[in-house]
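Down below is the structure, laid out as structure tokens.
Chains as they are written, first to last, in our numbering: chain G, 838 to 1186; chain Y, 838 to 1186; chain R, 838 to 1186.
Listed below in structure tokens is the structure:
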């Protein structure tokens, strides 16, 4: 099932709740960037750096902040938050196939599972015993939902997702392909010779409106649960260890690795490929730069970083040798300061 | 199938082989942390930093080192290795559904495959030609075992695991969802214009008691095999390149990336999101910090690190500029030392 | 189906188009390293550092550069590009099972899909509506190809691959297990309280002869497509964000993370676990070291790095403290220079 639609600008202005400056009968059939847009396309200006592209832009309408609107001669939808208005437009012009509510004949659904209304379960998906699947959920092909999982309403699991037993999802949770929720946390006791497994008895609880990117793994807790609070957005290939608690509305960019029992505040941002050690916590509104490691708790909101910045390898090689001598260099500077002070003293005498 | 059980403390003391101080008829039905434990729960004190939680702890019994046992007034199980004793308790109170030995009607098992006794093969799993599956193995839903793989006894593959052809697992190997064993190593010969594929003719051999975390990938060797020795524990989303050899009982934390032909000694630990270059080796008992890169061979046991540590981004920006001038700074210090020496010399004259 | 073959050296010399020095009737049945090779095996010398292994090498033939050929007494195949010749030999002696052209009875292929000649679709694979599968493609067990995907000729998708809707692959594309192509790019508009999803309307286009390693994820574009040009080789667990453009014949090593709208030139190399920020670009022929972060655009070909290099943790701890004081250290050196200049001036007076 597809949703191909076109709208007049008059209709769009109503749906997006924006003021239209221009021809309300003009028909829009899709979105495009400022650069590539042609007739029938809606575009948007969010970053003022692209304002100069407006003069040659051939979009049939541009969503634009009123303060820049003079820069575009064509039809305009005025918005003080153009990127947010654009996000709504992407929903209207979404090209993703819609899954019909139905259970594919090849899907394997245990008799004890409770399946809500308007649920779609695709080919070869498996829903195990004692699962509860809320109204309006869509479960992708080849996805495996193990015993006793509970999905709220309108969740969307793409193909080849894996949920271990007893995982709980809130409403409107989106889970992309390759995600694994609830694998065992990484816990072992060393007996002097070998690592002995600590069985992981907790689970994973995912709040409402969470989105989890492709290939991400979130481990079940050791005794208590791993918790992802509402509104958290997690990109691809993120690893979240057991018993982490990720605060509401935080954003975790791709390839980030978070060790066990890390507690993140609300509205935090972890940059791409960043990391965090376990058993520490960061406050609300902390932002971590790409590929930086949080190795100590952070009590104050703000931006944190680690790393050296990028150099030509030839320069870098010289500098890292110096880095490895940095402590002795600092001591030599201290020594020089002492000697300079002595010279000064002797001058003074 | 579930295993819900409760035990008297008298029974538990026997099973765990620990001395009980307290009421041997007290009934325990699960585990809990010191903070959250209530009646009927067993808890443990492993990290002395939590000793102060004992005074308000309401667990029905605590596994505790005799030297701290005075700090808890309730029932105690005395252990000089409380964390190890706790690991055994997690086995007793494990809540994971047990897979019944049976082959699901939707599983696809090639006629030439040899399936041992008490094997469980879940929905939509595929076992290809010439595979040997040892007694007591459990293969999760949607897992694909390609031609000619050999699994020892009591291996557990969770859902959506992929084994390429000819992979060998020892006994009691645990493989979590999303794992890919035996994909082609990353080898190409450049012909001046394009990369020409080097077909990967080796395989992967996994020793006894290895556990492999969700989403981890271990590539097949170019000519010879990639080898993971017995007792190695690998966390989620670890990448191990072709022809690596990971020494027995080493522990590799999540999101670590190891390039091809890296040789790791026994009892090593790679911290989370750490890395290692290829064609080098590290000795036994080497520990690598989180997000550190091993770029040279290490012959001596010990801890190794790289990186800069975490800073406020505002401070960091100033410091990385200096880092990029570090070689010239060092030279300026040397110059200053010379000048200071001259001053001294001239003073002396 | 297997391809077990042996060849005489005379045959091999013809196939590999190399000059043979030695016995053209000698029979070769496989490949081996210089160290492990025995009778019947072909080996090769690519890295001159291994020349000393030739004296004790028992291979029946060695592919070798004419300038080193004196170092080996046995049969030789002369090649000025021994590694390239070896890559061709791996094709001849490949041990990978060959998939028979056939559609497994358990595969689910939509009636509207166009399936080319000699296509193999393995157990439990799903090919959705409106897909086009080119001649000679092989689709692995459990792989899911969503609506409207298009595969060129002779593509090979291993088991448990996931393609979202509308993805395009060129000819001879190899996709390893666990790969996810076309999941939603990570885009949200913040409305002051929560993140609002930007639906991702673009797709992913993969050029001819691209290989994509196990567990790699490549996101669909926001409006336009994410593009991987011809001949690009991508290792395992690489993350490529929406709207990236990866230039032809570039090589991306394992666990690399590339943020959205990053543009890479042709013939670039990203080392293992390296990273790149979004909305920047690098020129052709740029090489990035392992675990280095590209944080600024690079206009000049060459090697780039970041990081500190590896140290004993005890030394490292002292040095990172100094790093965090580096700006003030540099200022102190400047101060010393001023003072030294004054001393000089006063000497001069």
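Yeah, the Cβ is synthetic: ideal placement off N, Cα and C, and Gly gets one too.
- Residue 1171(G) has a beta carbon lying at 8 Å or more from every beta carbon in chain Y.
- Following the DSSP letters along the chain, one finds residue 936(G) in no alpha helix (DSSP H), marked with neither H nor E.
- Excluding residues up to 5 positions away in sequence, 1112, 1143 lie with their Cβ nearer than 6 Å to the Cβ of residue 1130(G) in the same chain.
- For residue 1079(G), the nearest beta carbon of chain Y is not closer than 8 Å to its own beta carbon.
- The segment 947 to 956 of chain R makes contact with the segment 970 to 980 of chain R; the number of CB pairs closer than 8 Å reaches 3 or more.
- Short of 7 Å from the beta carbon of residue 1066(R), and not among the five residues preceding or following it, lie these beta carbons of its own chain, in chain order: 1044, 1083, 1084, 1085.
- Excluding residues up to 5 positions away in sequence, 845 lie with their Cβ nearer than 6 Å to the Cβ of residue 862(Y) in the same chain.
- Contact of residue 1065(G) with chain R is not assigned, every C-beta pair being separated by 8 Å or more.
- Within the segment 1129 to 1141 of chain G, 1129, 1130, 1131, 1132, 1133, 1135, 1137, 1139, 1140, 1141 place their CB atoms closer than 9 Å to a CB of chain Y, listed in sequence order.
- Following the DSSP letters along the chain, one finds residue 1156(Y) in no beta strand (DSSP E) but inside the alpha helix (DSSP H) bounded by residues 1150 to 1160.
- Close to residue 974(R), with beta-carbon spacing below 8 Å, lies no residue of chain Y; the smallest spacing is near 17 Å.
- With fewer than 16 other beta carbons inside 10 angstroms of its own, residue 1178(Y) counts as exposed.
- Nearest in C-alpha terms to residue 1053(Y), of all of 1094(Y), 899(Y), 1075(Y), is 1075(Y).
- Note on geometry: alpha-carbon atoms of residue 1183(R) and residue 1182(G) lie some 14 Å from one another.
- Unbroken beta strand (DSSP E) stretches of 3 residues or longer found wholly inside the segment 1063 to 1133 of chain R: 1063 to 1065, 1123 to 1125, given in chain order.
- One thing to note: residue 928(Y) has its Cβ within 8 Å of the Cβ of residue 1036(G).
- For residue 1148(G), a Cβ of chain R is located within less than 8 Å of the residue's own Cβ.
- Within chain G, the residues 1038 have their CB atoms less than 7 Å from the CB of residue 932(Y), given in chain order.
- Chain order gives the chain R residues near residue 868(G) as 1038, 1060, where near means a beta carbon separation below 8 Å.
- Its chain contains 1120 as the residues whose beta carbon lies nearer than 7 Å to that of residue 1137(R), once the 5 sequence neighbours on both sides are disregarded; these appear in chain order.
- Distances from the CA of residue 1088(Y) to each of 959(Y), 932(Y), 1109(Y) were compared; the closest alpha carbon is that of 1109(Y).
- By the Cβ criterion, the segment 917 to 934 of chain G is in contact with the segment 871 to 886 of chain G, since at least three pairs of Cβ atoms, one from each stretch, lie closer than 8 Å.
- One finds 918, 920, 921, 923, 924 in chain Y with Cβ atoms closer than 8 Å to the Cβ of residue 1026(G), taken in chain order.
- Exclusion of the five residues before and after residue 933(R) leaves no residue of its chain whose Cβ lies closer than 7 Å to its Cβ.
- The beta carbons of residue 1023(R) and residue 1078(R) sit about 7 Å from each other, so the pair counts as a contact at 8 Å.
- Scanning chain G for C-beta atoms nearer than 9 Å to the C-beta of residue 957(Y) yields nothing, as the closest lies near 13 Å away.
- Secondary structure at residue 1170(Y): helix, using DSSP grouped into helix, strand and coil.
- By the 16-neighbour rule on beta-carbons within 10 angstroms, residue 1116(R) is exposed.
- According to the DSSP assignment, residue 1139(Y) belongs to the beta strand (DSSP E) that extends over 1139 to 1142.
- Counting only the Cα atoms, residue 1114(G) lies some 6 Å from residue 1095(G).
- By the neighbour-count criterion, in which a residue is buried when 16 or more other Cβ atoms sit within 10 angstroms of its Cβ, residue 1046(R) is buried.
- Counted as a single uninterrupted DSSP element, the beta strand (DSSP E) harbouring residue 1026(G) occupies residues 1025 to 1027.
- Among the residues of chain Y, those whose CB is under 7 Å from the CB of residue 1109(R) are 1094, 1096, 1112, following chain order.
- Residue 1160(Y) has a beta carbon lying within less than 8 Å of a beta carbon in chain G.
- Flagged as an interface residue toward chain R: residue 1052(Y), by a C-beta distance shorter than 8 Å.
- DSSP, read as helix, strand or coil, puts residue 1180(Y) in helix.
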